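One structure is given below, encoded as structure tokens.
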Amino acid sequence: MKTLKILGVVILVSAAFVAGAATALIRGWGDRAVSAEMVNKLEQPIRSFTVRYTTCGTKTEITSGELPPGKSRTIRFWVCGEGASVVEATLADGTIVRGPELYVESGYSTTSTVNTMGIVSTQRMYAL
């Protein structure tokens, strides 16, 4: 009887651990990546956009190609703890717009929306 109780507790604890690990994996908790989504709310395509970021004293940039009107694209990049990022978009007519500089940490998620007023950026602490 005592052995059966111990086995039941071990199974229950194991199931709780597996459920917690699965939840963390699905939600991206502990992920070192920053997720930066670019959304085009203009009636013209974005010719290209660049995500520039600084982390651990290193400056890096990622450039992506054309983004049609009404579409979005997500760029993921890794930071060693924390850093800063900024998005810049080149429109089809050659106009360059720049978003605000954002503080980012591992697991953060940002959304930069290009509209007629420029780039509006929002962020969440974790990509939920």
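Count the sequence shown with the working numbering and you get residues 4 to 131, in order. Heads up, the beta-carbon is just placed ideally off N, CA and C, and yes, glycines get one too. Please read all numbers here as calculations on a predicted model, not as lab measurements.
- In the DSSP assignment, GLN126 falls within the beta strand (DSSP E) that extends over 121-127.
- LYS74 sits in coil when the DSSP states are folded into three classes, being neither helix nor strand.
- Taking every protein chain shown into account, the CB of MET128 has fewer than 16 other CB atoms within 10 angstroms, so this residue is exposed.
- For SER88, the secondary structure class from DSSP, reduced to helix, strand or coil, is strand.
- Distances from the alpha-carbon of CYS59 to those of GLU91, THR6, LYS5 and VAL107 put VAL107 closest.
- With contacts defined as CB atoms closer than 8 Å, SER51 and GLY68 qualify as a contacting pair.
- Annotated three-state conformation of ALA25 is helix, per DSSP.
- The three-state secondary structure of VAL12, taken from DSSP, is helix.
- For LEU7, the secondary structure class from DSSP, reduced to helix, strand or coil, is helix.
- Residues ARG35 and ALA36 of the same chain have their beta carbon placed closer than 6 Å to that of TRP81, with the five preceding and five following residues left out of the count.
- SER67 is bridged by DSSP to PHE52.
- Apart from the 5 residues on each side of it in sequence, ILE78 sits with its Cβ closer than 6 Å to the Cβ of ALA39, VAL54 and ILE65 in its chain, given in chain order.
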